[in-house]
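Student: Once you've had a glance at the structure underneath, I'll fire off some questions.
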Amino acid sequence: MFYRETGQFKTSYGADQQIFPIRQDRIAIGLLLVFAFFVVPAVATQYWFSAILIPFLIFSLAALGLNILTGYAGQLSLGSAAFMAVGAFGAYNFILRVPEIPAILAFLMGGVCAAGVGILFGLPSLRIKGFYLAVATLAAQFFVVWALTKFGWFSNYSSSGVISSQDFSVFGFAIDSPVRKYLLTLSIVAIMGLLAKNMARSNTGRSWMAVRDMDVAAEVIGIPLMKTKLLAFAVSSFYCGVAGALVAYCYLGTVEPDYFTLDLSFRILFMVIIGGVGTILGSFFGAAFIVLLPIFLNIVLHPLFAILGIEISSAVVSNMELMVFGGLIIFFLAVEPHGLARLWQIGKEKLRIWPFPH
Amino acid sequence: MFNEFQSTGKAAPNSGFLMWQMEETYMAASPSGPASGSLDTFPRLLLEHARVRGERPATREKDMGIWQTWTWSQMAEEVRAMACGLAELGFKRGDNLAIIGDNRPRLYWSMCAVQMLGGVPVPLYQDAVAAEMAYVLQDAEIHFAIVEDQEQVDKLLEIKDQCPALQHILYDEPRGMRHYTQTFLQGLDEVIAMGKIHDKNQPDFIPAEIAKGHPEDVAVMLYTSGTTGKPKGVCQTHATFIAAAQSGTEFDSLTENEDILSYLPMAWVGDHLFSYAQAMVAGFTINCPESGDTVMTDLREIGPTYYFAPPRVFENLLTTVMIRMEDAGAIKRNMFHYFMSVAKRCGSDILDGKSTVSSSDRLLYSLGNLLVYGPLRNVLGMSRIRVAYTAGAAIGPDLFRFYRSIGVNLKQLYGATETCAAVCLQPDRQIKFDSVGKPAPGVEVRIAPSGEVQVRGKILFKEYYKRPDATAESIDAEGWFHTGDAGFFDDDGHLKIIDRAKDVGKLAVSVGGAMFAPNYIENKLKFFQYIKEAVCFGHDREMVTAFINIDMGAVGNWAERQGIAYAGYTDLAQKAEVYELIRECVEQVNAELSHDAMVADTQVHRFLILHKELDPDDDELTRTRKVRRGFVAEKYAVLIDALYTGKATQFIETQVKFEDGRSGKVAADLRIDDAKTFPAIRKAA
Amino acid sequence: MAFFFEVLIGGLLSGVMYSLVALGFVLIYKASGVFNFAQGAMVYFAALTFAGIIDMGVPIPLAFLGAFVVMIALGVATERIVLRPLVNQPQITLFMATIGLTFFVEGLAQIAWGASTRRIDLGIQDEPIPWILDNMNMVVSSFDLTAAAIAGVLVAVLAAFFQYTKIGRALRAVADDHQAALSIGIPLQHIWGIIWSVAGFVALVAGMLWGARNGAQFALTFVALKALPVLILGGFTSVLGAIVGGLIIGSTEKLAEVFIGPMVGGGIENWFPYVLALFFLLVRPEGLFGEKHIDRV
Amino acid sequence: MSERKIGEVILDLQNISLRFGGVKALTDISFDVREHEVRAIIGPNGAGKSSMLNVINGVYHPQEGTIIFRGEKRHEMEANAAAKAGFARTFQNIALFKGMSVLDNLMTGRNLKIKTNFIQQALWWGPARKEELEQRRKVEEVIDFLEIEHIRKTPVGRLPYGLQKRVELGRALAAEPQILLLDEPMAGMNVEEKQDMCRFILDVNDQFGTTIVLIEHDMGVVMDISDRVVVLDYGKKIGDGTPDEVRNNEEVIKAYLGTQH
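Protein chains in written order, with our numbering: chain H, 1 to 358; chain V, 1001 to 1685; chain Z, 2001 to 2297; chain S, 3001 to 3261.
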């Protein structure tokens, strides 16, 4: 309905292959960025930053990471949280042990550590597929959390492995307020989102998808399976690792290995499934959904039960949350396996050919 | 100097420069004098564009997935090289060169290359079968042909023996040509490469050739599709086509910023005017679609600002719109129909800038524009259209109104091959649904006592090629061209065309001998989406009867929704339900006819639905899809008899040609139905 | 040396429990090709339900029957609501759906019975068997031995069920070839309903025994996850594999914890089975008793 | 057709035997392929035709036998090494990447031509972008060649079977192979689609000089378009020669052609 594509013709492959080939989309994304960078900092409250916006962005990044591995390269992983943990503890140790290291670099190095661990646990993917691989990634999940807890060196010998983020600054700005943390997170997520999209639309992404869709055919046309799969593990873990570093430094401040449980891995997997497997956009939708759903349930369920005259505890609400998550996963897998991103896509198509139905 | 005649909007086209003449002639004076001396041929115009707007796009083509673009200076270079190459091959001043193919940039350029050398391009209809081409090739004494691809080469090879003069065939697309060893076959690529060397060696050659050109030289020869007799080559000079293009450019204030989609046959005068002459005069961009199948997609991508299509295209589009909307959900469908009724009420008035529209209607219309009209224009590829024309056949008023009401500035135009297409145009904001507008600047129009429309002006052709007899027959001593159309001017000076003069007949004297204008009735019938073609009979008869061709798409869709199973065209056409459907249409037309005293007696009493589609391949239609009335009447005489003898069915067997050239037979028992007629409503005096 | 055997036997006995959970996986995987990640949650749900009913003052046998009915209901509901809409989807999709099911069942269990640990007293003594303690100087719990015996009986009963009943034969036919089973008129969905109920029964037995040992608590779901490495070792399609795998995992994790654990700070039994399985995968991806298949191009 | 020059032997298969467990798929098969020729492998179902192709491009590794490619001897080769050496192929059951568009599938076919690494691609900067657009241009030539412009951006899963086959050929062509292995390129097609496919195969052979090894069931097609034919039956070679020779070979008639009638 709002699309006016007539006259938007492409005279070069560059223009045809751009991320947003439709002008209205470019305008919309531009407005969204302006809104996120300039309007939100001016109007949002502390609560919004630290309870909604920052976790949303960080989990988007983690979901993006898992989506690269699971959605694009087709390798199911149940160990995303472990890679986040590696990123968090990696960044912590770099800042702790390398004097004068810029915080951003430390975050990236955290990501690199995660990528290394990712490659290690990705090795079995060369021989096994599907849920066999998923089980193998559980090994990473349990092993990493155990190692970070058991070896004090990782947490600088603090009790029960808790790390507290050091004060840090970026380009001379002390990142000490929720607004600044938000802006930093937003910048990192925006840039890494762009990079992911670029990979997805170039040979790297196509190779991943080829391996996902039909690995034998991929190999026959010359795609090296080992390299491609391990690259997916590395890039995916890198994204999760940076997300983990951001959890420690921009979201929670103090974090222990037990934060990065199997449950968190599952939640990130849910983000990918609900948001849309194999889409960049879906990672953001999924993260928003999973971050907002508990808040929404809390707001809705209490009054709802109050009307029915039933007092409910927060434990019940959180259990209901579990049930809703589980139910939604089954619902999405059955009804719309491509998630919210596909719904968005369908809606967009409808608008593009409006008023025609198809 | 060139800028003079593309002055943007300074001369308001409707500023009253029409004068009334006693012998019922309208003439529009040309506000800007004759074209300046140095820019009076197409090659000179090209050089000027390359100089003035060298970096602006001249030609685009959807190829290899994107719109390949050539600027004016690139185009000038290509044309120049092509001209040199042709000269190298021995092409001489005064030679005619055939151009056959879909709308391809290099085919358009070759026209100018030929003109550079003082030759005459002769575009042919690309879908003509070989035998049809042979006549033109012989008649125009073609030595050179530039064709699109292997398909066209094969056709020419088939008739090469009949055209001994044909010495060179140059092809644009080398695909599939590897194993053709004939020496007279060459790729355009080679010719251009050859030309580049030639140009380097003799850089003065082309400038000298261009200098030799004269505005009165023949610039192009267009063969009339000829509803009767053999086609005739209409010779148009640089001067005539430039004049025609110039007057249209002024009339609609066209600028170098226009985009036009060039998808109509290059041999058709309309395409030559819009895609070649006007583009060359105004310096705008022509866009060639990827293929015939992708025109609609390409139209949507390009979004032309200036658009030309015969009524058939608009009609098909509207049919598709209606069919697609049928599938929409109830809410959306109701919204669509509601806003379409709003548009019908006030849309064209708003487009015309009339102040009579109420503010509530304006509000509703702008809401509709957001929800329906804007998106609709967008999906149809018409968002950017400033001016759209239709011509070639009369357009149904409702069809015409539809496009105008959704904000597409669709106008009608009247003309012929002999007049460079542009005789009358509808000025912006003075649109009448049943007129073709006012005479173009510099064109005189009068109505002969016989009712025939006659034209005089700079746009008149020079002659029919090698047919002085025919030339003398159609241009009289005073220089009036006899169009062969019957029409009249209304009180505002707008020309209305009723029919071909020779087609206008009379009912038998026994029933009063009323005027019978078959086209008029047929057009009314054809406006129904279910009716693709209609042929009416009635001259010297007691009543009017009709052949109907159903529209397979629309009727098929309708049948599916009704749950009617059918085995194919012939089967569907003979279904009782379909007859019922068509009868309702016929009766509605009858009701309309009964309102107008002039035509009330010519209501359709009986009709039948033909078992096959009328087809140019079977000579029933011209290449521009006009009915060959005489031929059809003769071919289906047995059916006409059946219509007038009151039979309820009639068996018929017909030869048909298939697309691959094979022929076969279609046979059927055709039903014949009666339609209700209405008593004439006489206006109270 | 006696200590070694004591640890080994303790491990083997807890391995029996793993086998029990793994058995549930194998049953469902064989019959419907679904890797039921929710088996652990079902164990938890069954244990809580059983304990909950007992806490209402119902005698143990009746409580067991009641819990069994609930598990059948859960199994049938799962087949209807989760599996039917997903029929013909890739296995990996079904797998993810069972992760969703896991969350759902866990949430449901805690809402129904509360999240706190419930004790289950089956009246079986959890003391070292004096005879073994005296003669071999090893601590072997009578409870563990009883549990192992129950598990053994259950496996035998299941084997008989598959071998000798009509439903059992139909189940095996389904496991071999879905299409063929359909074509000879075996009602696939009916069979799936039954198999999920049987899996529910196995979960109930496992939940009851684990619950009696450690209390019916959320940690059960993690214990149940250990069944995954068991399956990788044993192969997804082999009942025998599930048992042998369980014993191997149970014994090696205990041995590793006791003999290697102290060197790295302990707690390795959390991850040791997974890493073991991981290495095993690299060597023999199809498992000890699984069927090897060749990718046809 | 007549002008096409058939060159030297470029692929020589000697005494190939392949077993799966105890099952013999190929037994002691030898034949050669000359440069620029169209070589057909025919035989009844289960004759080992697909296994033969899989051996040639390294999906299966024969237990015995030698493969000589351009004078170099190899016992076995990994599939993607074969791709690098210039082998491309299509599969009997279409093996397209279902989640991707036609364009992306063809682009994937060009993966070996891509030299930039993932970091450059992530930045979409300079060489990576240039390379990507260059590949697009090449792929457009294939699209043009196979006349699939109208489905360029359609996900392949949505295409009808015949078009999918054509896209798969396109993906193989995009790699600019020296040897093209086609596994039943016309299976399941109607007459018109078969004609198109034949034309494309011959055009590829003709315009690019690509050597083609194909498996096909339609005898008419095989006899029309191939220069030489190998006949397999139960994993053994029972005939080899020009279409005419094969047609008149007693053993072939008995084992294969005879059973058709």
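From the three backbone atoms N, C-alpha and C, an ideal C-beta is built for every residue, glycine too.
With V:F1488 as the anchor, note down where its beta strand (DSSP E) starts and where it stops.
Tutor: On the second sequence, position 488 is the one that residue 1488 of chain V refers to. In the DSSP assignment, V:F1488 falls within the beta strand (DSSP E) that extends over F1481 to F1489.
Student: Return the CA-CA distance between Z:V2155 and Z:S2014, expressed in angstroms with no decimal places.
Tutor: Reading the third sequence from its first residue, position 155 is the one you call residue 2155 of chain Z. Reading the third sequence from its first residue, position 14 is the one you call residue 2014 of chain Z. Answer to the nearest angstrom: the Cα atoms are 16 Å apart.
Student: So, under 8 Å CB-CB, V:E1444 and V:V1455 are touching, yes? Tell me the CB distance rounded to an integer number of Å.
Tutor: Residue mapping note: residue 1444 of chain V aligns to position 444 of the second sequence, counting from 1. Residue mapping note: residue 1455 of chain V aligns to position 455 of the second sequence, counting from 1. That pair is a contact at about 7 Å.
Student: Give, in chain order, every residue of the stretch 1041–1068 of chain V whose Cβ lies closer than 9 Å to some Cβ of chain S.
Tutor: K1062, D1063, M1064, G1065 and I1066: these are the residues of the stretch 1041–1068 of chain V whose beta carbon lies less than 9 Å from some beta carbon of chain S, given in chain order.
Student: Any beta carbon from chain Z within less than 9 Å of H:W146's own beta carbon?
Tutor: Residue numbering aside, residue 146 of chain H sits at position 146 when the first sequence is read from its first letter. Contact of H:W146 with chain Z is assigned, a C-beta pair being separated by under 9 Å.
Student: Hey, would you say V:L1185 sits closer than 9 Å to V:V1122, going by beta carbons?
Tutor: Residue 1185 of chain V sits at position 185 when you count from the first residue of the second sequence. Residue 1122 of chain V sits at position 122 when you count from the first residue of the second sequence. Contact flag unset, no.
Student: Identify, in the order they occur along the chain, each residue of the same chain with its Cβ nearer than 8 Å to the Cβ of V:R1175, setting aside the five sequence neighbours on each side.
Tutor: Within the second sequence, residue 1175 of chain V is the residue found at index 175, counting from 1. Apart from the 5 residues on each side of it in sequence, V:R1175 sits with its Cβ closer than 8 Å to the Cβ of D1149 and Q1150 in its chain, given in chain order.
Student: Near V:G1033, which residues of its chain fall below 7 Å by C-beta distance, leaving aside the five closest residues on each side in sequence?
Tutor: The residue labelled residue 1033 of chain V in the question sits at position 33 within the second sequence. Below a pLDDT of 50, predicted positions are generally treated as unreliable, and V:G1033, at 37, falls in that range; the measurement from the model is reported next regardless. Taken in chain order, the list of residues that qualify is empty.
Student: So, does the CB of S:G3109 fall closer than 9 Å to a CB anywhere in chain H?
Tutor: Within the fourth sequence, the letter at position 109 stands for residue 3109 of chain S. Yes, its Cβ sits closer than 9 Å to a Cβ of chain H.
Student: Check the C-beta distance from S:I3042 over to S:V3221 and give it rounded, since I have them as a contact under 8 Å.
Tutor: Numbered from its first residue, the fourth sequence carries residue 3042 of chain S at position 42. Numbered from its first residue, the fourth sequence carries residue 3221 of chain S at position 221. Rounded, the Cβ-Cβ distance is 10 Å, inconsistent with contact.
Student: According to the neighbour-count rule (16 or more other Cβ atoms, all chains shown, within 10 Å of its Cβ), is V:H1179 buried or exposed?
Tutor: If you number the second sequence from 1, residue 1179 of chain V lands on position 179. Exposed, since its Cβ has fewer than 16 Cβ neighbours within 10 Å.
Student: Please determine if the stretch 3123–3135 of chain S and the stretch 3080–3096 of chain S are in contact, where contact requires at least 3 C-beta pairs separated by less than 8 Å.
Tutor: no
Student: Nearest CA to the CA of Z:P2273: which residue from Z:L2158, Z:G2011, Z:R2172 and Z:Q2189?
Tutor: Numbered from 1 along the third sequence, position 273 holds the residue referred to as residue 2273 of chain Z. Minimum Cα-Cα distance from Z:P2273 among the listed residues Z:L2158, Z:G2011, Z:R2172 and Z:Q2189 corresponds to Z:G2011.
Student: In angstroms, rounded to a whole number, what distance separates the CA positions of V:R1583 and V:H1595?
Tutor: Counting from one through the second sequence, the residue named residue 1583 of chain V turns up at place 583. Counting from one through the second sequence, the residue named residue 1595 of chain V turns up at place 595. If you take the alpha carbons of V:R1583 and V:H1595, they lie about 19 Å apart.
Student: Span of the beta strand (DSSP E) holding V:W1067?
Tutor: Here residue 1067 of chain V is taken as the residue at index 67 of the second sequence, counted from 1. Start and end: I1066 to T1071.
Student: Taking H:G282 as the reference, give the member of H:I68, H:F233 and H:G253 with the closest Cα.
Tutor: Along the first sequence, read from residue 1 onward, the residue named residue 282 of chain H stands at position 282. Checked all of H:I68, H:F233 and H:G253; the closest Cα to H:G282 is H:I68.
Student: Return no unless some Cβ of chain H is closer than 9 Å to the Cβ of S:K3084.
Tutor: Along the fourth sequence, read from residue 1 onward, the residue named residue 3084 of chain S stands at position 84. It does: the Cβ of S:K3084 has a partner Cβ on chain H nearer than 9 Å.
Student: For S:Q3207, decide whether its Cβ has a neighbour in chain V, counting only Cβ atoms nearer than 9 Å.
Tutor: Indexing the fourth sequence from 1 puts residue 3207 of chain S at position 207. Chain V, which has a Cβ nearer than 9 Å to the Cβ of S:Q3207, makes this yes.
Student: CB-CB under 6 Å to V:S1030, same chain, minus the five flanking residues each way: which ones, in chain order?
Tutor: Here residue 1030 of chain V refers to the residue found at position 30 of the second sequence. For V:S1030, the predicted structure reports a pLDDT of 40, less than 50, and the residue's modelled location is therefore unreliable. The matter cannot be settled from this model.
Student: In this structure, how does DSSP classify S:M2967 when only helix, strand and coil are distinguished?
Tutor: Examination of residue 2967 of chain S is not possible in this model, given that chain S is present from 3001 through 3261 alone.
Student: Between which two residues does the alpha helix (DSSP H) harbouring V:V1281 extend?
Tutor: Along the second sequence, one-based indexing puts residue 1281 of chain V at 281. Its alpha helix (DSSP H) spans residues A1279 to A1282.
Student: According to the neighbour-count rule (16 or more other Cβ atoms, all chains shown, within 10 Å of its Cβ), is V:S1036 buried or exposed?
Tutor: In the second sequence, the residue the question calls residue 1036 of chain V occupies position 36. Confidence in V:S1036 is poor, its pLDDT being 44 and thus under 50, which makes the residue's placement too unreliable to answer from.
Student: In whole angstroms, give me the CA-to-CA distance for V:F1516 and V:F1537.
Tutor: Here the question's residue 1516 of chain V lines up with position 516 in the second sequence. Here the question's residue 1537 of chain V lines up with position 537 in the second sequence. So the two alpha carbons sit approximately 9 Å from each other.
Student: For Z:I2124 and Z:I2072, what's the separation of their Cα atoms in angstroms?
Tutor: Residue numbering aside, residue 2124 of chain Z sits at position 124 when the third sequence is read from its first letter. Residue numbering aside, residue 2072 of chain Z sits at position 72 when the third sequence is read from its first letter. Computed Cα separation, rounded: 26 Å.
Student: Exposed or buried, what is Z:R2084 when buried is set at 16 or more other beta-carbons lying within 10 Å of its beta-carbon?
Tutor: Taking the third sequence and counting its residues from 1, one reaches residue 2084 of chain Z at position 84. Result: exposed.
Student: Helix, strand or coil for Z:I2268 per DSSP?
Tutor: For this step, residue 2268 of chain Z is matched to residue 268 along the third sequence. Helix, per DSSP.
Student: Nearest-angstrom Cα distance between S:L3163 and V:G1664?
Tutor: Locating residue 3163 of chain S in the fourth sequence gives position 163, where the first residue counts as 1. Locating residue 1664 of chain V in the second sequence gives position 664, where the first residue counts as 1. If I take the Cα positions, the gap works out to 30 Å.
Student: Run through chain H and tell me which residues come within less than 7 Å of V:V1313, C-beta to C-beta.
Tutor: Within the second sequence, numbered from 1, the residue matching residue 1313 of chain V stands at position 313. Correct list: empty, because the minimum Cβ distance to chain H is about 16 Å.
Student: Below 8 Å on C-beta distance, what does V:R1178 contact in chain S?
Tutor: Mapped onto the second sequence, residue 1178 of chain V falls at position 178. Ordered by position in chain S, the residues that pass the 8 Å Cβ test against V:R1178 are D3206 and Q3207.
Student: Helix, strand or coil for V:N1549, going by three-state DSSP, please let me know.
Tutor: Position 549 of the second sequence holds residue 1549 of chain V. Of the three classes helix, strand and coil, the one that applies to V:N1549 here is strand, per DSSP.
Student: Please list, in chain order, all residues of the same chain as V:I1385 whose beta carbon is under 7 Å from its beta carbon, the five residues on each side excluded.
Tutor: As a first step, residue 1385 of chain V must be located in the second sequence, where it is residue number 385. Cβ neighbours of V:I1385 beyond the five flanking positions: P1304, T1305, Y1307, V1408 and N1409.
Student: In this structure, does DSSP put V:I1609 in helix, strand or coil?
Tutor: The sequence position of residue 1609 of chain V within the second sequence is 609, counting from 1. The answer is strand: DSSP assigns V:I1609 an E or B state.
Student: Which ranges does the alpha helix (DSSP H) cover as unbroken runs of at least 4 residues, wholly within the stretch 73–112 of chain H, from first to last along the chain?
Tutor: With a minimum length of 4 residues, the continuous alpha helix (DSSP H) runs that stay inside the stretch 73–112 of chain H are 80–97.
Student: How far does the alpha helix (DSSP H) with V:E1653 in it reach, from first residue to last?
Tutor: Position 653 of the second sequence, counting from 1, holds the residue named residue 1653 of chain V. Where V:E1653 is concerned, there is no enclosing alpha helix (DSSP H), although the beta strand (DSSP E) it sits in stretches over T1649 to K1657.
Student: Closer than 7 Å by C-beta to S:Q3063: which residues in its own chain qualify, once you throw out the five before and the five after it? Chain order, please.
Tutor: One-based indexing of the fourth sequence puts residue 3063 of chain S at position 63. Same-chain partners within the cutoff: S3017, L3018 and R3019.
Student: Between H:L304 and H:Y182, is the Cβ-Cβ spacing less than 9 Å?
Tutor: If you number the first sequence from 1, residue 304 of chain H lands on position 304. If you number the first sequence from 1, residue 182 of chain H lands on position 182. Not closer than 9 Å, so no.
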